[in-house]
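Chemist: If you're matching positions, the sequence shown starts at 42 in the numbering used here and goes up one per residue.
First, the structure itself, so that you have it in front of you.
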Amino acid sequence: MHCSGGWNELQHVDATKPSLAVDGLHRGGDRQFRRDGAGAGTGLDHLFAAAAFVPDAGKRAVPVRLALHSQRSARVTDKTPSELIDQRIADLGDWRGDILAKVRGIIKDAVPDVVEEWKWRGVPTWYRDGMICTGETYKAAVKMTFAKGAKLDDPKKLFNSSLDGNVRRAIDFHEGDTVDEAALKALIKAAVALNRRE
């Protein structure tokens, strides 16, 4: 499975929202709620049926519904990160997919040996000697977040989002925006150089 924990604030809005599973409804009126990924269980929690059972008849749990993601979400877990990114681009099928594909191509051109990962249940992420950036897709923007952006020189003023933090910086691309390929490539190379220094 190519998903792992990380920045909690990075959430892909197009991905299926984690389901709120009602594990059991006890006769005493108590409900047990679990949000996927929370509590003691992690990772594959969404694959099992919520069928709590307590021997005490007064506390016998009645199954209410299953905590299962869609079949589509389950099918993608056996794909490589690069294949998942391919699928994300194809599934978007609009200007966001075009920009994500464009940004991805620039990253690969700037860093031929870049490593692609699929993080936080649906965020394309690129690594070379550490994290370079992510490619988040939202309804109105494609956000390219640089992990150490606050330490990078940005002479072309590409960063236009997450400007107040001490660590990250981001570039929000909107419909109709033109990608400055040369400036973005230089920024990506600078991010890799920073990773190697640190």
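Glycine is no exception: its CB is placed at the ideal position from the N, C-alpha and C atoms.
If you're wondering where the values come from, they're calculated on a predicted model, not measured in any experiment.
Provide the residue(s) that pair with A240 in DSSP beta bridges, ordered along the chain.
Modeler: Nothing about residue 240 can be reported from this structure: the residues present for the chain run from 42 to 239 only.
Chemist: Between which two residues does the beta strand (DSSP E) harbouring D213 extend?
Modeler: R210 to F214 is the extent of the beta strand (DSSP E) around D213.
Chemist: Per DSSP, which residues does E6 bridge with? Please list them.
Modeler: This structure cannot speak to residue 6, because the chain is shown only from 42 to 239.
Chemist: Just the Cα atoms here: how many angstroms apart are V144 and G176?
Modeler: The alpha-carbon atoms of V144 and G176 are separated by roughly 8 angstroms.
Chemist: Out of K189, A188, K180 and V156, which has the shortest C-alpha to C-alpha gap to W136?
Modeler: Of K189, A188, K180 and V156, the residue nearest in Cα terms is K180.
Chemist: Please determine, among G138, G190 and A227, the residue with the shortest C-alpha to C-alpha distance to A211.
Modeler: Comparing Cα positions, the closest option is G190.
Chemist: Hey, V183 and R169: beta-carbon distance below 7 angstroms or not?
Modeler: No; because the gap between Cβ atoms is not below 7 angstroms, this pair is not in contact.
Chemist: Just grab the DSSP bridge partners of F187 for me.
Modeler: Paired residues: C174 and R210.
Chemist: If you drop the 5 nearest sequence neighbours on each side, which residues of the same chain put their C-beta closer than 6 angstroms to that of S202?
Modeler: Answer for S202: A211 and D213, listed in chain order.
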